[in-house]
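Peer 1:
Number of protein chains: 6
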Amino acid sequence: MAQPPAHKFVNEIGPGEVVNGVYVVREPILRSTTRGDLYIAMFLCDRTGQLNGRMWQASEVVYKSLPKPGFVHVQGRSELYQNNLQIVVNNIAAIDPSKVNVEDYLARTTKDCGQMLKEVKETVGTIRHPQLAALCKAFLEDKALMQNFCSAPGGMKMHHDCIGGLLEHTHNMLNVAQAVLPLYPQVQADLVLAGIFLHDMGKTEELAYDMAFSYTDSGQLIGHISKSLLMIHRKADALRAQGVQINPDILDSIGHIILAHHGAYEFGSPKLPATAEAFMVYYIDDLDAKMNQVTAAIEGELSESNWTAWQNTLQTRLYRKRLE
Amino acid sequence: MAQPPAHKFVNEIGPGEVVNGVYVVREPILRSTTRGDLYIAMFLCDRTGQLNGRMWQASEVVYKSLPKPGFVHVQGRSELYQNNLQIVVNNIAAIDPSKVNVEDYLARTTKDCGQMLKEVKETVGTIRHPQLAALCKAFLEDKALMQNFCSAPGGMKMHHDCIGGLLEHTHNMLNVAQAVLPLYPQVQADLVLAGIFLHDMGKTEELAYDMAFSYTDSGQLIGHISKSLLMIHRKADALRAQGVQINPDILDSIGHIILAHHGAYEFGSPKLPATAEAFMVYYIDDLDAKMNQVTAAIEGELSESNWTAWQNTLQTRLYRKRLE
Amino acid sequence: MAQPPAHKFVNEIGPGEVVNGVYVVREPILRSTTRGDLYIAMFLCDRTGQLNGRMWQASEVVYKSLPKPGFVHVQGRSELYQNNLQIVVNNIAAIDPSKVNVEDYLARTTKDCGQMLKEVKETVGTIRHPQLAALCKAFLEDKALMQNFCSAPGGMKMHHDCIGGLLEHTHNMLNVAQAVLPLYPQVQADLVLAGIFLHDMGKTEELAYDMAFSYTDSGQLIGHISKSLLMIHRKADALRAQGVQINPDILDSIGHIILAHHGAYEFGSPKLPATAEAFMVYYIDDLDAKMNQVTAAIEGELSESNWTAWQNTLQTRLYRKRLE
Amino acid sequence: MAQPPAHKFVNEIGPGEVVNGVYVVREPILRSTTRGDLYIAMFLCDRTGQLNGRMWQASEVVYKSLPKPGFVHVQGRSELYQNNLQIVVNNIAAIDPSKVNVEDYLARTTKDCGQMLKEVKETVGTIRHPQLAALCKAFLEDKALMQNFCSAPGGMKMHHDCIGGLLEHTHNMLNVAQAVLPLYPQVQADLVLAGIFLHDMGKTEELAYDMAFSYTDSGQLIGHISKSLLMIHRKADALRAQGVQINPDILDSIGHIILAHHGAYEFGSPKLPATAEAFMVYYIDDLDAKMNQVTAAIEGELSESNWTAWQNTLQTRLYRKRLE
Amino acid sequence: MAQPPAHKFVNEIGPGEVVNGVYVVREPILRSTTRGDLYIAMFLCDRTGQLNGRMWQASEVVYKSLPKPGFVHVQGRSELYQNNLQIVVNNIAAIDPSKVNVEDYLARTTKDCGQMLKEVKETVGTIRHPQLAALCKAFLEDKALMQNFCSAPGGMKMHHDCIGGLLEHTHNMLNVAQAVLPLYPQVQADLVLAGIFLHDMGKTEELAYDMAFSYTDSGQLIGHISKSLLMIHRKADALRAQGVQINPDILDSIGHIILAHHGAYEFGSPKLPATAEAFMVYYIDDLDAKMNQVTAAIEGELSESNWTAWQNTLQTRLYRKRLE
Amino acid sequence: MAQPPAHKFVNEIGPGEVVNGVYVVREPILRSTTRGDLYIAMFLCDRTGQLNGRMWQASEVVYKSLPKPGFVHVQGRSELYQNNLQIVVNNIAAIDPSKVNVEDYLARTTKDCGQMLKEVKETVGTIRHPQLAALCKAFLEDKALMQNFCSAPGGMKMHHDCIGGLLEHTHNMLNVAQAVLPLYPQVQADLVLAGIFLHDMGKTEELAYDMAFSYTDSGQLIGHISKSLLMIHRKADALRAQGVQINPDILDSIGHIILAHHGAYEFGSPKLPATAEAFMVYYIDDLDAKMNQVTAAIEGELSESNWTAWQNTLQTRLYRKRLE
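Chains as they are written, first to last, in this note's numbering: chain A, 29 to 352; chain B, 29 to 352; chain C, 29 to 352; chain D, 29 to 352; chain E, 29 to 352; chain F, 29 to 352.
(1) Assuming Arg-53 of chain E contacts Gly-104 of chain E under a Cβ cut-off of 8 Å, what Cβ separation, rounded to an integer in Å, is found between them?
(2) Between Ile-250 of chain A and chain F, is there a C-beta pair that is closer than 7 Å?
(3) Compare the beta carbon distance of Met-201 of chain E and Ile-224 of chain E with 7 Å and say whether it is the shorter of the two.
(4) What in chain C is Cβ-close to Asp-245 of chain E, meaning under 9 Å?
(5) For Asn-203 of chain C, go through chain D and note every residue whose CB falls closer than 7 Å to its CB, in chain order.
(6) Quick check: Phe-307 of chain A and Pro-298 of chain A, are their CB atoms within less than 7 Å of each other?
(7) Is any heavy atom in the ligand SAM found nearer than 6 Å to the beta carbon of Phe-37 of chain A?
(8) Pro-210 of chain F by DSSP, collapsed to three states: which one?
(9) Let's see if you can read the secondary structure: which residues bound the alpha helix (DSSP H) around Arg-156 of chain F?
(10) Of all Cβ atoms in chain D, is any one closer than 7 Å to the Cβ of Ser-254 of chain E?
(11) Pair every Cβ in the stretch 109-129 of chain F with every Cβ in the stretch 76-83 of chain F, then say whether three or more of these pairs are closer than 8 Å.
(12) Excluding sequence positions up to five away, which residues of its chain have a Cβ less than 8 Å from the Cβ of Arg-345 of chain B?
(13) If the cut is a Cβ gap below 7 Å, which residues of chain D does Gly-81 of chain F touch?
(14) How far does the alpha helix (DSSP H) with Gln-321 of chain D in it extend, from its first residue to its last?
(15) Which residues in the same chain have their Cβ closer than 8 Å to the Cβ of Ala-121 of chain A, if we skip the five residues on either side of it in sequence?
(16) What's the C-alpha gap between Ile-250 of chain D and Glu-233 of chain D?
(17) Give the single residue among E:Leu-145, E:Leu-79, E:Tyr-67 whose Cα lies nearest to the Cα of Phe-37 of chain E.
(18) Taking just the CA atoms, how far does Leu-58 of chain B sit from Asp-65 of chain B?
(19) Find out if the Cβ-Cβ distance for the pair Thr-137 of chain D, Gly-193 of chain D is shorter than 7 Å.
(20) Along the chain, where does the alpha helix (DSSP H) that runs through Cys-178 of chain E open and close?
(21) Where does Arg-268 of chain B fall in DSSP's three states?
(22) Do you know how far the Cα of Asn-48 of chain A is from the Cα of Pro-32 of chain A?
(23) Using C-beta distances below 7 Å, list every residue in its chain close to Gly-283 of chain B, excluding the 5 sequence neighbours before and after it, in chain order.
(24) Chain D partners of Thr-294 of chain B, CB-CB under 7 Å?
(25) If Ala-2 of chain C sits next to Leu-267 of chain C, beta carbons under 8 Å apart, how far is it from one beta carbon to the other, in whole angstroms?
(26) When you compare only the Cα positions, how much space is there between Tyr-293 of chain A and Ala-292 of chain F?
(27) I want to know whether the stretch 199-213 of chain E touches the stretch 169-187 of chain E - three or more CB-CB distances under 8 Å.
(28) Please give me, in chain order, every unbroken run of the beta strand (DSSP E) with length at least 3 that falls completely inside the stretch 42-90 of chain C.
(29) To the nearest angstrom, how far is it from the Cα of Ile-253 of chain E to the Cα of Arg-156 of chain D?
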């Protein structure tokens, strides 16, 4: 097969077109028809969405050659079924990831990650409580972790679902906190800032985001809330081994913020907010997530209607018309 | 009866004490025992709480002389029933409100109302959209209304339940909005600021707060949300009569913010937030209300426990211990 | 293009048929494929339903010529995708509404609207309370409003979703009230009758029903409950300007009925019923709506089964077999 | 002990009074203090309510002599604890029920039971469907059952909680149905009338109402809904033994109405309404129950307030002021 | 038409294949296109699932010849619409059930029904309480009923949805009870064993399972819970006619277990568990149903993923990987 | 003060008695009346319950001398307020814990803890999977932890609320699992047994149980579910330091069981069961907890009624009568 041409995005493919490009293949399954013919069902994805793919004259050799998941060069054509397109695959072959432009396959924040991380460090650097500062510093100095922290998405679907989304969300929450904290002097700012910095750290382990966003097995079994809690204890253990003590009640206060930051049992928090700081982190998290979700839906709406499509998680359509 | 002595607050009365002071009497009822004796059941209140009162040897003359509600000079003694005290009343007589220190009977914000109103005017003055600015100006220039706006409580029980509480809550929400809006440039700041200024304006009509906080009949039948909506339409009608047009879609956008600001049907919003601005006002309202409720509960706890009493609306006790 | 033939209804179109007729086009969108070809996605509707339409070889000129929404003459053919049909459009052109039979596009009540309005007037005419009678009379004498009142549907989907449905629903509720009120003498009949007459008046503004049923922007932002409340206040203001006083407590009593008539927060009532009259209006509204919904589903079922299809809002299938 | 004087009702007893009269004793318990002194805790009731009773110097002989429950002559005095009174009992002795005026102890409908039963028979007599008519007739001719039907309360607390309440409720529902059915001609009137007549028949077995209202063991384990279903099957079996066939689908249609008449799973209906007739019986039942509950609460309110006390099952206070 | 070939299962049919075999036809509907052409829509099923069928050139004669439901010989071809296949039918004809292998059309438990019934009898035979033993014996000796008991499915979709499923579920629950009862000596074993044996007996009447699983009309109107209750009363009546008395409180205790065994109102239980025995039967029923549902989903998953597809009733995907 | 006499239990104290004994004092608060008199409010507890205590003539010296909480010798008398007693304290003094019989103050399981722990060890010893066995062994060999495991209660109020309750609950669950596992051969027995053994281990840290049951600060902030998860990771870290590897997926499988064992978000599980083993542990936990709660309520009922008092968490009264 020849080199793939410039990438045609999934959401640009119309019905009845020739398809010849690189996509991420996910969850390929080899099936056989009653006549004994083998075919492969699969998803073909890039950062703009995914389509069903079907390779009708398949073989076990082809199936075994496929990465699960991974980049593949696909040749075939598109067929329209209802509103969804399907790709009938004629040829499919694994391709070296080094030859693809990963950003075509994973959405990426439009903001500058280096700059955002720098500002996160500055904000976290204002924490004066020695143990909280030490704990946060241990995270900031963990280079492998910070690399993941800068790459992980903020979520699977709801908000900040892009490479760098976790950083963007955390960065923006810290900015909101810095703006709002002076208005609530009874609230312990150090706890709020550390709580925000660490509250979603477990998403680096809950989500996989090398070729397409998905949950890891571990992430689906344990969840990012519990993973974040485990991470601060692991870091505190490591600090203790270096002679830096993090008191249990410090870990409990920051752990409580992490456990309670979804604000309600039904959203997976095993504890309801019980400190002023936990309430503040919960509200800032929810505010930033919803503002991102709402503005993304308004900006991403393709029709010219004054209203977006129905937003199931918000139980409403959104009104897009601005004041004149 | 002699002049009342310095006020002894309801929450300072111990069991078995002599009571001799001015209180607000509420909901007095004349009842008769089977022997034909008349007695009066009533509530006796000041800003720190209320107690049951019982006058056992009562007459219809005394009952008719009582304000319903109003200030009365009470002589009697306290009896303890379980955790609640009850006051057995020997003498009771209406007293001229001009002779009492109203602030003993209604809690008042500790902040400077004149200064807060001045800052509210400045913030609202930054609104550039001409029609929104005109609408808000019409409220700010309504002196009788603004007097109520500066006196009304923010709520009956949950948060900002003091004279000036509505102003304090609105003022703080405007400050939060000004701090946060630059971080969300897609959100129309003028709508958010006008929405916050007007969102609870109906509380001036929903609540009575001359001698003790209560709902007006009208407030209980209609609610402050619908009352606020009616008020902006009434003001727009008045402006129109003066030749200032407020377009229907402006009224709908601000009206939607008002209707949706409780965020959920179960909290009495007949519409769910469907604009970025309605979401932001809802979140800022909830944040400020909860921070006030949480910090008030933490600061108001009398025991030395690390935890407050159970907070029913939050479904948790609150942890009060601060970082060391 | 030639004149359109007799109308072929949307629910009569089979797969693989030639389509040549007038439909209402809604929400057309111009999109481009990756090859630069333009196509238009749209809905094509009449009173029996709507189908997806696709015009593959489209141009911006065609797109701009389309009403949004409006009547169009469509030529093309039908294709079946799963259970839904789609219309592939070859030609599409706006058509003068005066040339179409509007009733093909909007379902209409089978009852006599003139007769129903006459009976509504008679029933409302029995109200003896002078202020309630004056308020209702102001509505009945508003000719433009009454025209809308006779045309508006009772709802979008659930019940009485036809031209004249609002009138039919109100008319029937008044009949039920007249039958039932003598059995509950404690209930104030005047309030119940006025409350029923006015409870859904805001639907004339909430819904658009000129070519197809839809929500207006204003209706979706504010809702018919709040709109009905605004309308009675507007009418009371107008009466006051004419020297006819409607007391605030009258407006609150009727306003409360309007706000509470959905009976529960989750159905969009910002107030729960708190008067005997509000309870009665809520029950009569719910009874009439559900009886209409149930009998329509039973009569409209196409299969020969003893059971209708699953009714999602009722969480059951309905049993159609009658006693023998 | 001397003969008891004229009855002093529970809700007329004030604090510190002498008590000397007949009451119903319920759930007496013999307990011993650490000093070995025995005392009896009990409830003392009549139709107006119940009070805690305590007999401090009690003996096992006295305890064993008490009916459980039953009528007792009580001598003692009342003490006030908070808002509730308690009766300190000096003497207590069982008394022959024939000597008491039962109506002092059980509230009784104010309507004429004979007249109501006559009208119920007339209405049920209009049923033309032979099998439904035969089934209803079998109930009407069961004299022992009809006697219970005329005595049983409509419920424990919520509505029609008086002797004759079941009859009053059934009678009123039949009147509502007769008034409303002509407006819904698709609905099978015979099924609705038979369904109403039989829907709560199981309450005759669910509730005990000889001296005070309570649940029977069987009623609490099985419930009146399932008991009503069992009763129609039992009657159909008896008819079959007499050669009168009631078809299974008739029993299923009427049985479904019985099972579904609470309208929702959460209120104990094991089936949701799935026929037009089941919906109508459910709505008429709910309407009549709520109108009874609301008007009883409004009329029973003792204070002069415009509002009743909080009604927990309605989640509101009720507004009592009538139009002027 | 020739004899049908060996059966090709619904879940083995690929797109674009020739279809020539026997299937169960369900809910056929005759419809007409606007050109007057008649077509038949139907479902075609076997034990592995169902597909939409369409016969485009149909006639009323063909339609009338179809069993509703019943076995038919179908000739046509498959077309893929999205993930679902549809069968375009060229010829269809009823076929004598005696000529088909019923087990191809209804899934059947893999366990030995004779052996299971034998063990059920042995376990039930350990009941020592004479009346409970007599009641169970009356069921075991009802041969027609026991035949149904051995054939009925355990449910429509959720668990044990196969011929023999009710027996398998009851058998396994009895085994669990025998294993667990010794650990809870306060629980009355006889009641638990009889309750388990009888709790779902009404499913023999609620479900139809001769050609495909469906609800009977009676089953859908009344439900298996109420039907089970009716059955024990009917059997007790029959025993009484034979001189064997089953006391009412025995019937109430066993009836309560039946009514409460879904454990919550929302799952159709009209009574919540109120005895230790009712709690135990509820838990064992739920445990056995969920373990069957979970293991069936894990074993039935076709993909190679570590996770099954989303399980809607469990609100999760299931993890399939076993320990290594 | 003289030595205290034999203990008089809280639930044996009648009204108007002399009190002279040792109790646990909890949450004492020093308050002052308006006359400047100091008094102390406190709870006085033993294993049978707690009472309010009031010392009216108190001093700061006395207040400071009190343990918070701890054992005190109390002299005073009891007063009855409604159904609750209150103790008026004349003298109060801390007492050396070594002089009290701790079992008077904390309820203790009636089973043999040594024997139960031995059987737990045997059952856990049947685990064959090497890593699971190693993980469990690390817990069993942690003597300090096992001492707590044998002392901790199973809960605060709902079930197994006694010293040794956690062990009794775990022991019984293991027995149920061993009885039931052979009936579900697809379920991985090793995971279930290890999951049961470890699922509530965090209760040793969540609850304090030296003088009276209460939550620790850390327990209330973090909860036993998250604490159990942290404990297995801590033990795995320690094993790794000794060269024994526990694979991450083992920790995830056992961690998932711990996180999901409450079965629903609303009961504090941050993850829903997603493995067959997690479902089984959840059901066995719920079964054992409810059987304990139900039988304890039935056996603990003091009245002679066939029914217990209302059980709020079960939303029913419980029927106590056994088969005759």
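Don't be surprised by glycine CBs; every beta carbon is placed ideally from N, CA and C. All values reported here derive from a predicted model rather than from experimental measurement.
Peer 2: Concretely, from the data shown:
(1) Counting from one through the fifth sequence, the residue named residue 53 of chain E turns up at place 25. Counting from one through the fifth sequence, the residue named residue 104 of chain E turns up at place 76. Contrary to the premise, residue 53 of chain E reads as Val rather than Arg in this sequence. Not confirmed; about 12 Å, so no contact.
(2) Here residue 250 of chain A is taken as the residue at index 222 of the first sequence, counted from 1. At least one chain F Cβ lies under 7 Å of Ile-250 of chain A.
(3) Looking up residue 201 of chain E in the fifth sequence gives position 173. Looking up residue 224 of chain E in the fifth sequence gives position 196. Cβ atoms of Met-201 of chain E and Ile-224 of chain E: closer than 7 Å.
(4) Residue mapping note: residue 245 of chain E aligns to position 217 of the fifth sequence, counting from 1. Those are Asn-334, Trp-335, Tyr-347, Lys-349, listed as they occur along chain C.
(5) Here residue 203 of chain C corresponds to residue number 175 of the third sequence, with the count starting at 1. What Asn-203 of chain C touches in chain D: Leu-211.
(6) Counting from 1 along the first sequence, the entry for residue 307 of chain A is found at position 279. Counting from 1 along the first sequence, the entry for residue 298 of chain A is found at position 270. No.
(7) With respect to the ligand SAM, the structure offers nothing, as it holds no ligand at all.
(8) On the sixth sequence, position 182 is the one that residue 210 of chain F refers to. DSSP places Pro-210 of chain F in helix when its eight states are reduced to three.
(9) Translated into the one-based positions of the sixth sequence, residue 156 of chain F becomes position 128. No alpha helix (DSSP H) contains Arg-156 of chain F, which DSSP labels as neither H nor E.
(10) Along the fifth sequence, one-based indexing puts residue 254 of chain E at 226. By this cut-off, Ser-254 of chain E is an interface position.
(11) yes
(12) Here residue 345 of chain B refers to the residue found at position 317 of the second sequence. Once the five neighbours on either side are set aside, the close Cβ partners of Arg-345 of chain B are Trp-335, Thr-336, Ala-337, Trp-338, Gln-339.
(13) One-based indexing of the sixth sequence puts residue 81 of chain F at position 53. Those do not exist, as Gly-81 of chain F stays about 17 Å from chain D at its closest Cβ, beyond 7 Å.
(14) Residue numbering aside, residue 321 of chain D sits at position 293 when the fourth sequence is read from its first letter. First-last of the alpha helix (DSSP H) with Gln-321 of chain D: 304-328.
(15) As a position in the first sequence, residue 121 of chain A is number 93, starting the count at 1. Excluding sequence neighbours, Ala-121 of chain A sits near Met-29, Ser-93, Val-100, His-101.
(16) Residue numbering aside, residue 250 of chain D sits at position 222 when the fourth sequence is read from its first letter. Residue numbering aside, residue 233 of chain D sits at position 205 when the fourth sequence is read from its first letter. Cα to Cα, the separation comes out at about 10 Å.
(17) Taking the fifth sequence and counting its residues from 1, one reaches residue 37 of chain E at position 9. Selected option, being the one with the closest Cα: E:Leu-79.
(18) Stepping through the second sequence from its first residue, residue 65 of chain B is reached at position 37. Stepping through the second sequence from its first residue, residue 58 of chain B is reached at position 30. Taking the straight line joining both Cα atoms gives about 10 Å.
(19) As a first step, residue 137 of chain D is located in the fourth sequence; it is residue number 109 there, counting from the start. As a first step, residue 193 of chain D is located in the fourth sequence; it is residue number 165 there, counting from the start. Cβ distance < 7 Å, so Thr-137 of chain D and Gly-193 of chain D count as in contact.
(20) Position 150 of the fifth sequence, counted from the start, is the residue given in the question as residue 178 of chain E. First-last of the alpha helix (DSSP H) with Cys-178 of chain E: 171-179.
(21) The sequence position of residue 268 of chain B within the second sequence is 240, counting from 1. Arg-268 of chain B falls in the helix class under three-state DSSP.
(22) Residue mapping note: residue 32 of chain A aligns to position 4 of the first sequence, counting from 1. Residue mapping note: residue 48 of chain A aligns to position 20 of the first sequence, counting from 1. In this prediction, Pro-32 of chain A scores a pLDDT of 46, lower than 50, which makes its location untrustworthy; no coordinate-derived value is stated.
(23) As a position in the second sequence, residue 283 of chain B is number 255, starting the count at 1. Within the same chain, Gly-283 of chain B has close Cβ partners Leu-257, Ile-260.
(24) Position 266 of the second sequence holds residue 294 of chain B. For clarity, residue 294 of chain B is Glu in the given sequence; the question names Thr instead. Near Glu-294 of chain B there are no residues of chain D at all, since even the closest Cβ is about 11 Å away, more than 7 Å.
(25) The question about residue 2 of chain C has no answer, for chain C in this structure spans 29 to 352.
(26) Taking the first residue of the first sequence as 1, we reach residue 293 of chain A at position 265. Taking the first residue of the sixth sequence as 1, we reach residue 292 of chain F at position 264. When rounded, the distance between both Cα atoms is 9 Å.
(27) no
(28) 46-60, 66-74, 77-83
(29) Here residue 253 of chain E refers to the residue found at position 225 of the fifth sequence. Here residue 156 of chain D refers to the residue found at position 128 of the fourth sequence. So the two alpha carbons sit approximately 32 Å from each other.
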